[in-house]
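Reading through the structure tokens given below for one structure.
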Amino acid sequence: MTTRRQILMALPLLLPVWTGAQPVSAHGALHDAMQRARVLRDEAVRAGDQPYGAVVLHGTQIAGEAPSRVVTAKDPAAHAEMEAIRDAVRKLGSRDLSGCILVSTSRPCRMCESAASQVRIARMVHGDALIDAGPPA
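Encoded structure:
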């Protein structure tokens, strides 16, 4: 019997087909996205902000990205995940991010999970081990 976890683990392999992207290694795209999220986290720290970074993947391409801007923008809602979602919405020209994956350096808070759900993010992955948090609640 196939478990929910097995289905979620297979999802990155199916996303390029669903989004029409070229079928390159989706698992490699997750690792690349996490690497970029770490770079953004380090940029946030250098700027004097909180140590978080996030990326929104559309297929195997980065659609949005951002470091935390809570301190530098003096905005309590400028979490890396929120900012990355905003960036993806701007770049894709749609607030429907169905099929996209939110990749972040740490587990998103409830506010960020709610925002991901509102824009229909398909899946959230966080941390160095690429922990699959599943679809937003």
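Be aware that the sequence shown starts at 1, since it is given in this note's numbering, and climbs by one per residue. Cβ atoms here follow ideal geometry from the backbone N, Cα and C, with glycine treated the same way.
- [ ] Output the residue ranges of the beta strand (DSSP E) runs that lie fully inside the segment 58-85 and measure 3 residues or longer, sorted by chain position.
- [x] 61-67
Task: Sub-8 angstroms separation of Ile101 and Leu40 beta-carbons - done: no
Task: Beta-carbon separation (whole angstroms), Glu138 vs Arg69, contact threshold 8 angstroms - done: The displayed coordinates of the chain run from 1 to 137. Any statement about residue 138 would go beyond what the structure contains.
TODO: Taking the CB atoms as reference points, tell me whether Ala54 and Thr72 lie closer together than 8 angstroms.
DONE: no
TODO: Please state if the CB of Val119 and the CB of Ala37 are separated by a distance shorter than 8 angstroms.
DONE: no
Task: Buried versus exposed call for Ala63 [16 or more other C-beta atoms within 10 Å across all chains shown] - done: buried
TODO: Return the residue from the list Ala122, Pro135, Leu130 and Gly99 that minimises the CA-CA distance to Gln35.
DONE: Leu130
Task: Which of helix, strand or coil DSSP assigns to Asp132 - done: strand
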